[in-house]
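Engineer: What follows is a structure written as structure tokens; I'll ask about it next.
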Amino acid sequence: MLRRTLLASAAATAMLGGIAAADGHEPVKVGFVYVGPVGDGGWTYEHNQGRLAVEEAFGDAVETVFVENVPEGPDAERVMTQMALEGADLIFTTSFGYMDPTINVAAQFPDVMFEHATGYKQADNVSVYSARFYEGRAVQGHIAGQITESNVIGYIASFPIPEVIRGINSAYLHALEVNPDVEFKIIWAYTWFDPAKEAEAASVLIEQGADVILQHTDSTAPQAAAQAANEAGATVYTFGQASDMAEFGPMPRVSSIIDDWGPYYVARTQAVMDGTWESVSTWDGIGAGMVGIGEISDAIPAEVKASAEAMVAELASGEYHAFTGPINKQDGTPWLAEGETAADFGDDGLAGMAFYVEGLTAEIPQ
Amino acid sequence: MLTLEKRPQPSQFWSYAAPLVAVVLTMIAGAALFASLGTPPIEALSKIFWEPLFGEFNFFYLPQLLVKGAPLVAIALGLSLGFKAGIWNIGAEGQYIIGALCGAAVGLAFYPMESRWLIFPLMLIAGALGGFAWAMIPGILRVKFNTNEILVSLMLVYVAEQLLASMALGLMKNPEGMGFPGSRNLSQYASSSSWIDQGYGMHWGVVIALIAVIFAYILFSKHILGFQIKLAGQAPRAAAFSGVNPARLVLFCLGTSGALAGLAGLTEVSGPAGLVSIDFNVGYGFTAIIVAFLGRLNPIGILFAGALMALTYIGGDVAQSSLGLPGAAIQVFQGMLLFFLLAVDVLTNYRVRIKQGAVA
Numbered sequence: 004m005l006r007r008t009l010l011a012s013a014a015a016t017a018m019l020g021g022i023a024a025a026d027g028h029e030p031v032k033v034g035f036v037y038v039g040p041v042g043d044g045g046w047t048y049e050h051n052q053g054r055l056a057v058e059e060a061f062g063d064a065v066e067t068v069f070v071e072n073v074p075e076g077p078d079a080e081r082v083m084t085q086m087a088l089e090g091a092d093l094i095f096t097t098s099f100g101y102m103d104p105t106i107n108v109a110a111q112f113p114d115v116m117f118e119h120a121t122g123y124k125q126a127d128n129v130s131v132y133s134a135r136f137y138e139g140r141a142v143q144g145h146i147a148g149q150i151t152e153s154n155v156i157g158y159i160a161s162f163p164i165p166e167v168i169r170g171i172n173s174a175y176l177h178a179l180e181v182n183p184d185v186e187f188k189i190i191w192a193y194t195w196f197d198p199a200k201e202a203e204a205a206s207v208l209i210e211q212g213a214d215v216i217l218q219h220t221d222s223t224a225p226q227a228a229a230q231a232a233n234e235a236g237a238t239v240y241t242f243g244q245a246s247d248m249a250e251f252g253p254m255p256r257v258s259s260i261i262d263d264w265g266p267y268y269v270a271r272t273q274a275v276m277d278g279t280w281e282s283v284s285t286w287d288g289i290g291a292g293m294v295g296i297g298e299i300s301d302a303i304p305a306e307v308k309a310s311a312e313a314m315v316a317e318l319a320s321g322e323y324h325a326f327t328g329p330i331n332k333q334d335g336t337p338w339l340a341e342g343e344t345a346a347d348f349g350d351d352g353l354a355g356m357a358f359y360v361e362g363l364t365a366e367i368p369q
Numbered sequence: 184m185l186t187l188e189k190r191p192q193p194s195q196f197w198s199y200a201a202p203l204v205a206v207v208l209t210m211i212a213g214a215a216l217f218a219s220l221g222t223p224p225i226e227a228l229s230k231i232f233w234e235p236l237f238g239e240f241n242f243f244y245l246p247q248l249l250v251k252g253a254p255l256v257a258i259a260l261g262l263s264l265g266f267k268a269g270i271w272n273i274g275a276e277g278q279y280i281i282g283a284l285c286g287a288a289v290g291l292a293f294y295p296m297e298s299r300w301l302i303f304p305l306m307l308i309a310g311a312l313g314g315f316a317w318a319m320i321p322g323i324l325r326v327k328f329n330t331n332e333i334l335v336s337l338m339l340v341y342v343a344e345q346l347l348a349s350m351a352l353g354l355m356k357n358p359e360g361m362g363f364p365g366s367r368n369l370s371q372y373a374s375s376s377s378w379i380d381q382g383y384g385m386h387w388g389v390v391i392a393l394i395a396v397i398f399a400y401i402l403f404s405k406h407i408l409g410f411q412i413k414l415a416g417q418a419p420r421a422a423a424f425s426g427v428n429p430a431r432l433v434l435f436c437l438g439t440s441g442a443l444a445g446l447a448g449l450t451e452v453s454g455p456a457g458l459v460s461i462d463f464n465v466g467y468g469f470t471a472i473i474v475a476f477l478g479r480l481n482p483i484g485i486l487f488a489g490a491l492m493a494l495t496y497i498g499g500d501v502a503q504s505s506l507g508l509p510g511a512a513i514q515v516f517q518g519m520l521l522f523f524l525l526a527v528d529v530l531t532n533y534r535v536r537i538k539q540g541a542v543a
């Protein structure tokens, strides 16, 4: 009881702070909760770049704070509460596992705005946002299918959640389109960030004959593993994940998927300053600039590069949807009819995708 | 010239003073570290140690100390039994996970039943049994085949982590979770929540930790078993002559620590964490090893050490968000605590002598 009333009064103070901020007397305070270290070179690094973009855009009118390496659970709830108590007006919680903690804390601070990345639970003061990374995966698959010599593509997956499964499906479909003999070998690392595990997974895939490695984990370790293999005489291609990882180009890294959160973070901070913030669900792709395709290096044939760039343009304009039928599910049942594109939500929608498409031989681990 | 000379008896004074000196040394070294990172050292230390206890928002942080400290204390107490007897259970993290899974399984199996007085006690029993059973694996292997319980218990942590991921993605997945991993939220159902009063950070895990402190205290100060444990650790041969059954002692120590870790896991999963998720375990089982040694394997000491460790976690996050200290600096700071403790511990068993004449 005691805490509830105290929190309410703290929230009232925070609200007063918010009003002052709208008058321009006090900097708007924006908090960021990170699941990894800001130096991971991938997922958290890009969220932190977004934070820096906010600082650059607003200068002294904004104050940003962050806490890194926050485990998904009670610790996340504590860190968010702490930020809200210390007067944050807007808090970005940047990992799927922060979903319930974000909802819980948001309920106690109705005047603090929350933005949760990659989740699906909204509230009056909780927005959700994510990026259509599967569009980038389509481009990767398109390139990978053409440059592979062994027809074996290795995939380092993190957790079997819809976002990751979507990526595998998208990459596979587009690799298959250009190379009917292509085969995917998938290793589940059960981590978002563990350089040792990721390096090991990459080495195993290379030993099993994969000459293109796609990764859905955040560190640069697989890039380094491929580089080492190439120095030993192999030819292994990789793609940067979440961040450009350009330091591994032009080989083994031939392109990348870049998360660009900056514009979204700036826009949402602006909305809080203007008092126009409201709860929304955002899912943007290449077109809106939330997903970037890192420069395609000249290590791959020019015609492959050109067709990949054409695909990026079509995805960006909305002319082409990465999941366009006919597509069957792994068990052979039809998913999308000829020319039909996948819906975002609902049964068999993209948001909750829990099945492989036809042709993938592995099984989703349970 | 300085030399170390073994004491005939471990120094009583240094055994108590060592943790305090270690804390002070950690603060000094930490201050230097923070200063070198460009953060005012005094401010950083006060954010870590003062702010959560006496700061403006201590009404929020103090209950969080209970939440963070309870599993550390409960697990460390269990570990301390074995450590005293020279039985090294390094896999409390695994027992913690399995306890949570077993208890959560019971809670989820009864969903959506509302009968608190049936379901929660059953969950507690299942949690304790789960941790107990997981600890029995290294226990029985050691007793029957003389395997090394350090390796077996540690390796079983990784097995438990795989099981946890499998449960969160498969059997225990929330059917209303839109395909995302993670179970139903146990803390939201009155019948399966371990919360007593969330506002005060009180949940059954805190109660269990406190009861365990009392039991461990009585065990060591009044009970023959406590004496046997100490004897087995200090003089195994003497213990064998005085009729201590080493196999039973191994099973008792591992079993008790497993059950306590299991209970800690169960009360965490049904309270502060709420659900079985892939990343449910955050390393309490390993941090508890530090807590056990920092607390001198003494029940009261462990209580204080657990509180101190919890404080550095909470204060560390405060320092991160308010001073922009990197998370790694806080981890280094926590690591130094054990490092200095082990270093200062030399003084418990050795004395420093200044020798003359060695120089020609």
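Read top to bottom, the protein sequences are chains A and B.
Here the numbering used here is used: the first residue of the first sequence is 4, the next is one more, and so on.
Here the numbering used here is used: the first residue of the second sequence is 184, the next is one more, and so on.
Yeah, the Cβ is synthetic: ideal placement off N, Cα and C, and Gly gets one too.
Within a Cβ cutoff of 6 Å, which residues of the same chain sit near A/G42, ignoring the five residues on either side of it in sequence?
Structural biologist: Contacts found: none.
Engineer: Within 10 angstroms of its Cβ, does B/K405 collect 16 or more other Cβ (buried), or is it exposed?
Structural biologist: That one is exposed.
Engineer: Along the stretch 55 to 76 of chain A, what residues have a CB closer than 8 Å to any CB found in chain B?
Structural biologist: Listed by position, the residues of the stretch 55 to 76 of chain A near chain B (Cβ gap below 8 Å) are V68, F69, V70, E71, N72, V73, P74, E75, G76.
Engineer: In angstroms with no decimal places, state the Cα-to-Cα distance between B/L203 and A/G139.
Structural biologist: Looking at the two C-alpha atoms, the distance is approximately 55 Å.
Engineer: Please classify B/N272 as buried or exposed, where buried requires at least 16 other C-beta atoms within 10 Å of its C-beta.
Structural biologist: Label assigned to B/N272: buried.
Engineer: Does DSSP put A/A251 in a helix, a strand or coil?
Structural biologist: What sits at residue 251 of chain A in the sequence shown is Phe, not Ala. DSSP places A/F251 in helix when its eight states are reduced to three.
Engineer: If you draw a straight line from the alpha carbon of A/F431 to that of A/A340, how long is it in whole angstroms?
Structural biologist: Nothing about residue 431 of chain A can be reported from this structure: the residues present for chain A run from 4 to 369 only.
Engineer: How many angstroms separate the CA atom of A/S284 from the CA atom of A/A270?
Structural biologist: Whole-angstrom Cα-Cα distance: 14 Å.
Engineer: Using 10 angstroms around the beta-carbon of A/A15, count the other beta-carbons present and answer buried if the total reaches 16, otherwise exposed.
Structural biologist: Below a pLDDT of 50, predicted positions are generally treated as unreliable, and A/A15, at 44, falls in that range; the measurement from the model is reported next regardless. By the 10 Å Cβ count, A/A15 comes out exposed.
Engineer: In chain A, which residues lie less than 7 Å from B/N368 when you measure between Cβ atoms?
Structural biologist: Those within 7 Å of B/N368 in chain A are D103.
Engineer: Do you know how far the Cα of A/A64 is from the Cα of A/G27?
Structural biologist: Low confidence applies here, because A/G27 scores a pLDDT of 48, under 50, leaving its location unreliable; read the following figure in that light. Taking the straight line joining both Cα atoms gives about 7 Å.
Engineer: Got a sec, what are the start and stop residues for the beta strand (DSSP E) B/S219 sits in?
Structural biologist: First-last for B/S219: 195 to 219, but that is the alpha helix (DSSP H), not the beta strand (DSSP E).
Engineer: Could you give the DSSP three-state label for B/P429: helix, strand or coil?
Structural biologist: B/P429 falls in the helix class under three-state DSSP.
Engineer: Between B/D380, B/A415, B/G360, which has its C-alpha nearest B/I270's C-alpha?
Structural biologist: Among B/D380, B/A415, B/G360, the Cα nearest to that of B/I270 is on B/A415.
Engineer: Is it true that the CB of A/G148 sits closer than 8 Å to the CB of A/L179?
Structural biologist: Yes, these two residues count as a Cβ contact at 8 Å.
Engineer: Assign B/M492 to one of two classes, buried (16 or more other C-beta atoms within 10 Å of its C-beta) or exposed (fewer than that).
Structural biologist: Buried, because 16 or more other Cβ atoms sit within 10 Å of the Cβ of B/M492.
Engineer: Counting only the same chain and skipping the five closest in sequence on each side, list residues whose C-beta sits under 8 Å from that of A/S206.
Structural biologist: Within the same chain, A/S206 has close Cβ partners A228, A232.
Engineer: Am I right that A/L363 and A/Y175 are in contact with their C-beta atoms under 8 Å? What's the rounded C-beta distance?
Structural biologist: That pair is a contact at about 6 Å.
Engineer: Is there a C-beta anywhere in chain B that falls below 8 Å from the one on A/G148?
Structural biologist: It does not: the Cβ of A/G148 has no partner Cβ on chain B nearer than 8 Å.
Engineer: Can you give the beta carbon distance from B/E234 to B/V501, rounded, assuming they're within the 8 Å contact cut?
Structural biologist: Their Cβ separation, rounded to whole angstroms, is 5 Å, which keeps B/E234 and B/V501 in contact under 8 Å.
Engineer: List the residues of chain A whose Cβ lies closer than 7 Å to the Cβ of B/V250, in chain order.
Structural biologist: Per Cβ cutoff of 7 Å: P77.
Engineer: DSSP state of A/N107, grouped into three classes?
Structural biologist: Three-state result, A/N107: helix.
Engineer: Just to confirm the assignment: which complete alpha helix (DSSP H) runs, minimum length 4, are found wholly within the stretch 196 to 244 of chain A?
Structural biologist: With a minimum length of 4 residues, the continuous alpha helix (DSSP H) runs that stay inside the stretch 196 to 244 of chain A are 198 to 210, 224 to 234.
Engineer: Smallest Cα separation from B/G510: which of B/P295, B/L346, B/G499, B/L520?
Structural biologist: Of the candidates B/P295, B/L346, B/G499, B/L520, the one whose C-alpha sits nearest the C-alpha of B/G510 is B/G499.
Engineer: Examine chain B for any beta-carbon lying closer than 8 Å to the beta-carbon of A/F95, and answer yes or no.
Structural biologist: Chain B contact via Cβ: absent.
Engineer: Got a sec: is the Cβ-Cβ distance from A/M314 to anything in chain B below 8 Å?
Structural biologist: Judged by the 8 Å Cβ criterion, A/M314 is not in contact with chain B.
Engineer: Below 9 Å between beta carbons is the criterion; list the residues of the stretch 399 to 431 of chain B that meet it against any residue of chain A, in chain order.
Structural biologist: Answer in chain order: no residues at all.
Engineer: For A/W264, does the count of other Cβ atoms within 10 angstroms reach 16, so buried, or fall short, so exposed?
Structural biologist: Looking at its Cβ environment, which holds 16 or more other Cβ atoms inside 10 Å, A/W264 is buried.
Engineer: Compute the Euclidean distance between the alpha carbons of A/E281 and B/G382, then round it to the nearest angstrom.
Structural biologist: When rounded, the distance between both Cα atoms is 29 Å.
Engineer: What number of angstroms, rounded off, separates the C-alpha of A/Y193 from the C-alpha of B/G426?
Structural biologist: Computed Cα separation, rounded: 48 Å.
Engineer: With a threshold of 8 Å between beta-carbons, can A/L88 be considered close to chain B, or not?
Structural biologist: Answer yes: the Cβ-Cβ gap between A/L88 and chain B drops below 8 Å somewhere.
Engineer: Just the chain B side, please: which residues come within less than 8 Å of A/V82 by C-beta, in chain order?
Structural biologist: Those are D500, S504, listed as they occur along chain B.
Engineer: When you compare the CB of B/V204 with every CB in chain A, is at least one pair closer than 8 Å?
Structural biologist: Chain A contact via Cβ: absent.
Engineer: Could you give the first and the last residue of the continuous beta strand (DSSP E) run that contains A/D262?
Structural biologist: Here the beta strand (DSSP E) through A/D262 covers 256 to 262.
Engineer: Given this structure, state the Cα-to-Cα distance separating B/A283 from B/V452, to the nearest angstrom.
Structural biologist: Using only the alpha carbons, I get a separation of about 6 Å.
Engineer: For B/P223, count neighbouring C-beta atoms within 10 Å of its own C-beta (all shown protein chains included) and say buried if the count is 16 or more, exposed if not.
Structural biologist: Result: exposed.
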